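Residue numbers for the sequence shown follow the numbering used here, so the first one is 1 and each next one is one higher.
Glycine included, every Cβ here is placed at the ideal spot set by N, Cα and C.
On a predicted model such as this, the values are computed, not experimentally measured, just so you know.
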Amino acid sequence: MTYDEFFKRAFRKSSGDKFRAFDYQRRLAERPWPDLLHVPTGMGKTAAVVLAWLWKRGWRDGAREIAPDSETPRRLVYCLPMRVLVGQTADNVVGWLRSLSIDGEPGTGKVSVHTLMGGSEDVREAIWAEYPDEDMIIVGTQDMLLSRALMRGYGMSRYQWPVHFAWLHNDAFWVFDEVQLMGPGLPTSAQLEAFRRKFALTANSRSLWASATLNRDWLDTVDLDAKGLVALHLSKKEERAPDIRARREARKQLKRSRLVLDSVSEKKVSAYARALVEDVRMVHRPGTSTLIIVNTVERAQAVSRALMAGLRSVTGKKARSVALEESPEVVLVHSRFRGPDRRAQEAKLTSPIPPQGRIVIATQAIEAGVDLTSRTLFTELAPWSSLVQRFGRCNRYGEWNKKPDSGEIFWIDIADERETAAPYEVSVLVAARKKLRRLRSGSPADLPLTVEEVPLHPVIRCKDFLDLFNTDPDLSGFDVDVAPYVRDADEADALLFWRDFGKDPNDSLQSAPHRDELCRAGLGVVKTLVDRLEPGQAWRWDPLMRRWRHHTRGDTVRPGMTLMIAADAGGYRTDLGLCISEKDPVPSISVRQQLAENPEAYDDDPRSLLERAVSLTVHLGDVEEEADKLCRKLSVSHPKAVICAARWHDVGKAHDAFQAMLQLAHRQGTGEPLGEGLWAKAGRKPGGKLGRPRYMVEMNNDRVERRRFRHELASALAWLAWRNHADDELTNLVAYLIAAHHGKVRLSLRALPGEEEPPDGRLFARGIWDGDVLPQLLFTDGESTPETTLRLDLMQLGQGPQGPSWTTRAQRLLESFGPFQLASYEALVRIADWRASRKEQP
């Protein structure tokens with residue numbers, strides 16, 4: 001099969017034989033990967049990259065036919081600047097895979113597609129992280145992907161951060177699309193590529209930056225020299241090809257609108273929106289699409305309200321002879337919608353244009369990646385790179401090239417005032433205006449290059465990046481804020497969802513938010529919303545204290561934070577999206593409840609409370625077997641440490657506190673006792689609820705609860721005791737991998753708030769008391785561990801009876817293996833545990 005045949009087959013179900021590969025798409029597939037892809041809008045960059053990746057990974061029609069290219073990693077990570085782009089991109093990718101008959105769920109040996117946009121599905125349903133040995137495509141926003149790549153994943157359990165971090169850096173091919181919209185995420189992407197070139201990886205990774213307005217200098221950072229990056233452009237011969245000329249030289253008259261936005265007061269914006277709607281109605285043609293792009297969600301909503309009001313008014317004036325359905329279809333596109341409402345709007349974009357035409361009101365969300373064309377475009381003044389993208393949404397494919405017709409672009413000026421220019425800088429808009437005044441055509445061939453200076457953004461340095469490897473919050477309970485490295489402060493987001501929970505959500509089991517419930521919101525907007533709410537209407541989850549906490553007007557709103565809002569507080573409309581002025585109750589979204597009702601808490605252990613009880617000996621053997629399979633399949637460079645850690649990972653479950661927890665959970669879940677012996681998993685009836693695990697120990701004729709108990713710390717301490725607390729690399733690596741296999745005990749070791757302090761003053765941490773004893777345990781191969789006394793001297797700094805401290809040992813491992821390799825070993829042990837647990841259940 002040739003690449004041209006392969007490309008055609010990818011589109012056969014959606015377009016028959018209509019599509020064929022451009023020459024640049026063919027070169028991308030058949031030659032070594034470039035670092036930069038610089039081609040005009042409407043030239044199929046997404047298809048070019050995805051299909052080239054599949055081709056180089058050896059996939060053909062129906063199966064993999066040749067060995068994968070060694071320079072093409074197995075995970076394609078498609079990073080987009082806007083949430084609204086993720087769904088469309090993922091749908092396109094799934095369509096191509098299905099046309100090629102190579103799409104499948106993880107575990108089927110084909111290519112799976114996963115989206116990362118926040119919500120419980122990123123961990124519970126999107127099980128991509130469990131399959132590091134399979135080819136897959138991950139599509140997500142820069143917020144979700146870059147925060148994970150910085151070990152501070154937004155909208156997900158903090159205890160899963162290390163696994164996502166591992167697979168987004170090892171064997172990962174990052175594609176950054178529409179880089180002009182990335183803000184500080186762009187230098188962060190460059191720095192992460194530099195760090196991957198500096199530190200050891202378990203498998204090759206690489207990056208590709210793609211845009212129609214790519215400026216190489218924007219990627220020149222303190223650790224990455226952009227001059228050495230290889231770029232792929234259209235050749236002169238390609239530019240003269242008829243099908244490319246139709247797009248590059250598409251006829252687009254460029255005109256200045258009579259309107260000027262000179263104030264953003266509510267009254268002025270309302271008048272501006274009405275005037276804009278009048279101008280749109282004058283030039284809109286039946287049977288065509290008209291696109292209006294404004295710079296803020298609030299103005300997009302104002303224009304939508306004005307347009308709908310105008311249509312209702314016109315309907316009334318014509319004495320009911322014109323039905324509202326005969327007016328142009330109105331579509332509102334921005335990033336502040338919940339999933340179902342956003343998809344309802346997006347579905348209209350891909351449906352046939354109705355006889356009276358379609359009017360689309362959008363924000364920057366439409367600039368990039370959205371496959372949309374229009375005959376008429378209205379756009380507010382914006383940075384030049386953004387304007388080029390917006391112009392690409394008018395007469396995109398040259399469908400209006402026949403004289404005397406053409407596409408029409410009207411640009412709307414904005415006053416040179418900081419508040420009015422927001423979210424952009426005044427100087428950037430001044431530069432764009434200067435270019436516009438010299439132009440009469442918006443055709444790609446007539447537009448000057450993007451030569452703006454490198455935007456000033458925070459740049460993450462190597463030391464700061466390494467510090468992020470420690471996932472424990474500081475003593476005040478807060479994490480290092482990575483938001484400045486992910487998105488501009490004015491554009492940083494939190495996540496909101498609305499629920500009916502009565503007066504206190506802790507009185508009812510509230511599951512982690514489903515992705516469809518989540519709505520992105522700027523930090524300023526969230527603060528304004530919280531400030532107008534009544535006490536008890538905003539809540540956030542505290543994973544340490546395992547309860548929902550009030551979020552009041554005095555509390556800080558941080559990027560990536562997820563807040564639950566009372567449905568009767570308002571703040572959202574299904575047709576407009578996030579509207580903090582709206583007071584009507586927000587309709588709830590019916591979602592499937594998750595197995596674990598509450599979001600994961602620190603002392604939860606949901607994978608130990610399943611449907612079928614499993615003995616500890618059997619589980620240890622199963623996990624060791626799975627680890628061995630993974631190491632062989634992935635050619636892991638330190639398999640002995642991973643397999644040994646898997647063998648010992650749950651030895652600490654022999655602790656009396658854990659066995660008591662399992663006995664109680666099994667009795668509650670099944671109504672029957674668990675039985676004699678040491679157990680790794682308790683059982684319960686299908687659909688049974690998970691209560692709070694209680695770790696109780698009998699001491700001096702009294703029952704003491706060991707809050708914050710972590711069995712994996714007991715396992716690591718037992719391993720160190722078995723090795724006589726040796727300080728060699730293998731001993732320390734195995735101990736770290738054992739301790740880290742739930743993401744809750746990693747680089748530091750200290751007691752946590754809420755722990756029960758021993759009455760005799762002995763050392764304690766994570767529910768373990770110095771001097772606790774583990775009973776003898778038998779492995780499946782006949783080897784056994786002796787009765788073991790657990791010591792905690794290594795939680796103290798410096799050299800002690802157990803040798804170097806835990807922190808010293810862990811930091812030396814980080815220096816020796818680097819963050820990417822160490823995280824991958826950590827993830828492998830955890831995945832072996834997950835796979836074994838899944839096989840042990842019905």
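Look at methionine 282 here: in three-state DSSP terms it is helix. An exposed status is given to glutamine 841, since fewer than 16 other beta-carbon atoms sit within 10 Å of its beta-carbon. Residues of the same chain with a CB within less than 7 Å of the CB of glutamate 624, apart from the 5 flanking positions on each side, are Ile643, Ala646 and Arg647 in chain order. Cβ contact annotation for proline 686 (same chain, cutoff 8 Å, sequence separation greater than five): Glu611, in chain order. Spanning the alpha carbons of glutamate 582 and serine 816 requires a straight line of approximately 55 Å.
Beta-bridge pairing by DSSP links alanine 682 to Leu609.
The criterion of a C-beta distance shorter than 8 Å is not satisfied by valine 163 and cysteine 79. By the neighbour-count criterion, in which 16 or more other beta carbons inside 10 Å mark a residue as buried, serine 101 falls on the exposed side. In this structure aspartate 650 is buried. Its beta-carbon is surrounded by 16 or more other beta-carbon atoms within 10 angstroms. Sixteen is the threshold: since fewer than 16 other Cβ atoms of the shown chains lie within 10 Å of the Cβ of threonine 552, the residue is exposed. Around the beta-carbon of asparagine 701, fewer than 16 other beta-carbon atoms lie within 10 Å, marking it exposed. In the three-state DSSP reduction, tryptophan 53 falls in the helix class (H, G or I). Taking all protein chains in view, the Cβ of leucine 717 is crowded by 16 or more other Cβ atoms within 10 Å, so the residue is classified as buried.
In this structure, leucine 261 places its C-beta atom within 8 Å of the C-beta atom of tyrosine 272. The beta carbons of tryptophan 498 and isoleucine 412 sit about 34 Å from each other, so the pair does not count as a contact at 8 Å. Taking threonine 574 as reference, the option from Gly58, His334 and Ala200 with the minimal CA-CA separation is His334.
A residue is called buried when at least 16 other Cβ atoms come within 10 angstroms of its Cβ; lysine 839 does not meet this threshold and is exposed.
The secondary-structure analysis by DSSP pairs isoleucine 353 with nothing; it has no beta-bridge partner. For histidine 334, no pairing in a beta bridge is given by DSSP. Around the C-beta of valine 84, 16 or more other C-beta atoms lie within 10 Å, and the residue is accordingly described as buried.
Rounded to whole angstroms, the separation of the alpha carbons of alanine 52 and glutamine 25 is 7 Å.
Linking leucine 186 to threonine 221 through their CA atoms gives a straight-line distance of about 10 Å. Fully contained in the stretch 521–562 are the following beta strand (DSSP E) runs of length 3 or more, in chain order: 538–542 and 547–550. Each residue's CA atom was taken as its position, placing arginine 98 and alanine 63 some 12 Å apart.
For a cut-off of 8 Å, the C-beta gap from glycine 392 to threonine 290 is around 16 Å, too long to register as a contact.
With contacts defined as CB atoms closer than 8 Å, serine 784 and alanine 680 fail to qualify as a contacting pair. The beta carbon of glutamine 301 is closer than 6 Å to those of Leu576 in its chain, skipping five residues each way along the sequence. Of Ser304, Pro383, Pro786 and Asp493, the smallest CA-CA separation from leucine 777 is found for Pro786. The closest CA to that of valine 230, considering only Glu239, Asn215, Asp467 and Lys236, is found on Asn215.
The stretch 530–537 makes no contact with the stretch 456–466, as fewer than three CB pairs between them are under 8 Å. Within its own chain, the residues whose Cβ lies closer than 7 Å to the Cβ of proline 448, once the five positions on either side in sequence are excluded, are Lys435, listed in chain order. In the three-state reduction of the DSSP assignment, serine 443 falls in the coil class, being assigned neither a helical nor a strand state. By the CB criterion at 8 Å, methionine 117 and valine 86 fall inside the cutoff. Alanine 382 and arginine 546 have their C-alpha atoms roughly 45 Å apart.
In this structure lysine 503 is exposed. Its beta-carbon is surrounded by fewer than 16 other beta-carbon atoms within 10 angstroms. Taking 3 residues as the shortest admissible run, the stretch 213–263 contains the following complete beta strand (DSSP E) segments, listed from N- to C-terminal end: 231–233 and 252–261.
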